[in-house]
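The structure under discussion appears below in the form of structure tokens.
There are 2 protein chains.
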Amino acid sequence: MSLVLSPEAQDLLFREARTANTFTTEPVSDEQVRAIYDLVKYAPTAMNQQPLRVVLVRSPQARERLVRLMAPGNQAKTAAAPLVAILAADEALRSRTATFNAALQVGYFILGVRAAGLAAGPMAGYDAAGVDKEFLDEAHTVLAVVNIGRPGPDAWFDRLPRLTYEEVVTTV
Amino acid sequence: MSLVLSPEAQDLLFREARTANTFTTEPVSDEQVRAIYDLVKYAPTAMNQQPLRVVLVRSPQARERLVRLMAPGNQAKTAAAPLVAILAADEALRSRTATFNAALQVGYFILGVRAAGLAAGPMAGYDAAGVDKEFLDEAHTVLAVVNIGRPGPDAWFDRLPRLTYEEVVTTV
Chain A
1 MSLVLSPEAQ DLLFREARTA NTFTTEPVSD EQVRAIYDLV KYAPTAMNQQ
51 PLRVVLVRSP QARERLVRLM APGNQAKTAA APLVAILAAD EALRSRTATF
101 NAALQVGYFI LGVRAAGLAA GPMAGYDAAG VDKEFLDEAH TVLAVVNIGR
151 PGPDAWFDRL PRLTYEEVVT TV
Chain B
173 MSLVLSPEAQ DLLFREARTA NTFTTEPVSD EQVRAIYDLV KYAPTAMNQQ
223 PLRVVLVRSP QARERLVRLM APGNQAKTAA APLVAILAAD EALRSRTATF
273 NAALQVGYFI LGVRAAGLAA GPMAGYDAAG VDKEFLDEAH TVLAVVNIGR
323 PGPDAWFDRL PRLTYEEVVT TV
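Protein chains in written order, with the numbering used here: chain A, 1 to 172; chain B, 173 to 344.
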């Protein structure tokens, strides 16, 4: 047993966790999002920079504005998800480090959603300039849009293949 | 209880996990690294791109070459850690997406090290061009260097402050 993390936690966060494409109507509360943030905030960023910012899209008007900016294949699920979060980088410094750190934190956030027993549907297909203009100020840039909720019927595509250890890891 | 993940797993991965600055001499085996990779490979990347590549620096000669390229404050701990991993992005496409996805995977890898009950010491202070030249081919770029092992004496600095929920999350 090389891993200390329990098999249940391994399944919850990694092995059984999947990107959801449909959701039930069960709401996602602010308390759940707070619990997610208060867990993942401890994961490290270079120089403790913490550039991630999160915009929760809750009003029907805001949801409608966002759906129009999503790629066609992402519109129906973004309209239907119980909660949609825009994940952005505070790029006040416009540095390579800010972008790197914010991407780290996007990964932590996705695992945090799973830690809350919810499914995440992260999406990269949207009009990024439009999302920046509609939802963020000039110091922020969108990095991902994430649908959050309990998986609905036919929520999963087939698991895509993963690279093998030998393809990824070399030793010198 | 907004989180489903067990309190033990929360502590292992996030709340009690800390960047280690000293290590014991206990080795980190290839089996442990394989178990880490075979867990974190399931975490998502946009378009399943999986650009992360890992170079394990195991030979004394390679370790010496790497230590010389680290920032002065990182040299002693990089020389002493049981294992040092160079995390790199396969940037064959040189795309923004590859860099973003690789950063996501750096975050997953750090949590995977913790899932193995080990401490990670990720570092951003090094001669990046030198590491690329000494350890990677032209299609790859270093993203982080990570010391891995069991924490030694005085391994921890004080925990740096984290942003509050209100500073990070807004609602529209």
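From the three backbone atoms N, C-alpha and C, an ideal C-beta is built for every residue, glycine too.
*asked:* Using a Cβ-Cβ cutoff of 7 Å, what residues of the stretch 291 to 313 of chain B are near chain A? List them in chain order.
replied: Those would be P294, A296 and F307, in chain order.
*Should G149 (chain A) be labelled buried (16 or more other beta-carbon atoms within 10 Å of its own) or exposed?*
Along the first sequence, read from residue 1 onward, the residue named residue 149 (chain A) stands at position 149. The residue in question, G149 (chain A), is buried, as its Cβ has 16 or more Cβ neighbours within 10 Å.
*Which residue or residues does DSSP assign as beta-bridge partners of F195 (chain B)?*
Residue 195 (chain B) sits at position 23 when you count from the first residue of the second sequence. Paired residue(s): B:P323.
*Given D299 (chain B), which residues of its chain have a CB within under 7 Å of its CB, disregarding the five upstream and five downstream residues?*
To locate residue 299 (chain B), count along the second sequence from 1; it is residue 127. Once the five neighbours on either side are set aside, the close Cβ partners of D299 (chain B) are L241.
*Status (buried if at least 16 other CB within 10 Å, exposed otherwise) for R114 (chain A)*: Here the question's residue 114 (chain A) lines up with position 114 in the first sequence. Answer is buried; the Cβ neighbour count reaches 16.
*asked:* Could you compute how far the alpha carbon of Q221 (chain B) sits from the alpha carbon of R159 (chain A)?
replied: To locate residue 221 (chain B), count along the second sequence from 1; it is residue 49. To locate residue 159 (chain A), count along the first sequence from 1; it is residue 159. When rounded, the distance between both Cα atoms is 13 Å.
*Regarding E263 (chain B) and the ligand FAD, is the C-beta to nearest heavy atom distance less than 7 Å?*
The ligand FAD is absent from the structure shown, which contains no ligands of any kind.
*P294 (chain B) lies in the beta strand (DSSP E); which residues open and close that run?*
Position 122 of the second sequence, counting from 1, holds the residue named residue 294 (chain B). Here the beta strand (DSSP E) through P294 (chain B) covers A291 to M295.
*Would you say G107 (chain A) and G279 (chain B) are within 8 Å of each other, going by their C-beta atoms?*
Looking up residue 107 (chain A) in the first sequence gives position 107. Looking up residue 279 (chain B) in the second sequence gives position 107. Cβ distance < 8 Å, so G107 (chain A) and G279 (chain B) count as in contact.
*Is the beta carbon of T191 (chain B) sitting closer than 8 Å to the one on Q277 (chain B)?*
Taking the first residue of the second sequence as 1, we reach residue 191 (chain B) at position 19. Taking the first residue of the second sequence as 1, we reach residue 277 (chain B) at position 105. Not a contact, by the Cβ cut-off of 8 Å.
*Taking L224 (chain B) as the reference, give the member of B:D326, B:A234 and B:I282 with the closest Cα.*
Along the second sequence, one-based indexing puts residue 224 (chain B) at 52. When only C-alpha atoms are compared, the closest one is B:I282.
*Rounded to whole angstroms, how far is the Cβ of T141 (chain A) from the Cβ of A88 (chain A), which I believe are closer than 8 Å?*
Locating residue 141 (chain A) in the first sequence gives position 141, counting from the first residue. Locating residue 88 (chain A) in the first sequence gives position 88, counting from the first residue. 6 Å between Cβ atoms; contact.
*My understanding is that A124 (chain A) touches A139 (chain A), with C-beta atoms under 8 Å, so please give their C-beta distance in whole angstroms.*
The count along the first sequence starts at 1 and reaches residue 124 (chain A) at position 124. The count along the first sequence starts at 1 and reaches residue 139 (chain A) at position 139. Contact flag wrong, Cβ pair sits at about 22 Å.
_Proximal chain D residues relative to A103 (chain A), where beta-carbon distance stays under 7 Å_ = This model lacks chain D altogether; the protein chains it does include are A and B.
*DSSP puts L259 (chain B) in a beta bridge; with which residues?*
For this step, residue 259 (chain B) is matched to residue 87 along the second sequence. DSSP lists B:V226 and B:A316 as the bridge partner or partners of L259 (chain B).
*Check whether the Cβ atoms of D38 (chain A) and Y214 (chain B) sit closer than 8 Å, and answer yes or no.*
Stepping through the first sequence from its first residue, residue 38 (chain A) is reached at position 38. Stepping through the second sequence from its first residue, residue 214 (chain B) is reached at position 42. Not a contact, by the Cβ cut-off of 8 Å.
_Supposed contact pair S2 (chain A) and E203 (chain B) - C-beta distance, whole angstroms, cut 8 Å_ = What you label residue 203 (chain B) is simply residue 31 of the second sequence in a count that begins at 1. What you label residue 2 (chain A) is simply residue 2 of the first sequence in a count that begins at 1. Confirmed, about 5 Å.
*Can you grab the Cα-Cα spacing for the pair F272 (chain B) / A248 (chain B), in whole Å?*
Within the second sequence, the letter at position 100 stands for residue 272 (chain B). Within the second sequence, the letter at position 76 stands for residue 248 (chain B). Their Cα atoms are separated by approximately 30 Å.
*How many angstroms separate the CA atom of R206 (chain B) from the CA atom of T78 (chain A)?*
The residue given as residue 206 (chain B) occupies position 34 in the second sequence. The residue given as residue 78 (chain A) occupies position 78 in the first sequence. Their Cα atoms are separated by approximately 36 Å.
*Could you pull the start and end residues of the alpha helix (DSSP H) that T171 (chain A) belongs to?*
Within the first sequence, the letter at position 171 stands for residue 171 (chain A). Run containing T171 (chain A): none in the alpha helix (DSSP H); it sits in the beta strand (DSSP E), V169 to T171.
_Near-chain A residues of the stretch 209 to 226 of chain B - C-beta to any C-beta below 8 Å_ = For chain A, the residues of the stretch 209 to 226 of chain B that bring a beta carbon within less than 8 Å of one of its beta carbons are Y209, D210, L211, V212, K213, Y214, A215, P216, A218, M219, N220, Q222, L224, R225 and V226, in chain order.
*Where Y165 (chain A) falls: helix, strand or coil (DSSP)*: Sequence index remark: in the first sequence, residue 165 (chain A) carries index 165 (1-based). Per DSSP, reduced to three states, the secondary structure at Y165 (chain A) is helical.
*Could you check the C-alpha separation between V227 (chain B) and T269 (chain B) for me, to the nearest Å?*
To locate residue 227 (chain B), count along the second sequence from 1; it is residue 55. To locate residue 269 (chain B), count along the second sequence from 1; it is residue 97. Rounded to whole angstroms, V227 (chain B) to T269 (chain B) spans 21 Å at the Cα level.
*Taking P153 (chain A) as the reference, which of A:L5, A:L12 and A:N21 has the closest Cα?*
Start at 1 with the first residue of the first sequence, and residue 153 (chain A) comes out as number 153. The candidate whose alpha carbon is nearest that of P153 (chain A) is A:N21.
*I320 (chain B) versus chain A: which residues are under 8 Å apart at the beta carbon?*
For the purposes of this step, residue 320 (chain B) is taken as residue 148 along the second sequence, with counting starting at 1. What I320 (chain B) touches in chain A: nothing, since even the nearest Cβ is about 13 Å away.
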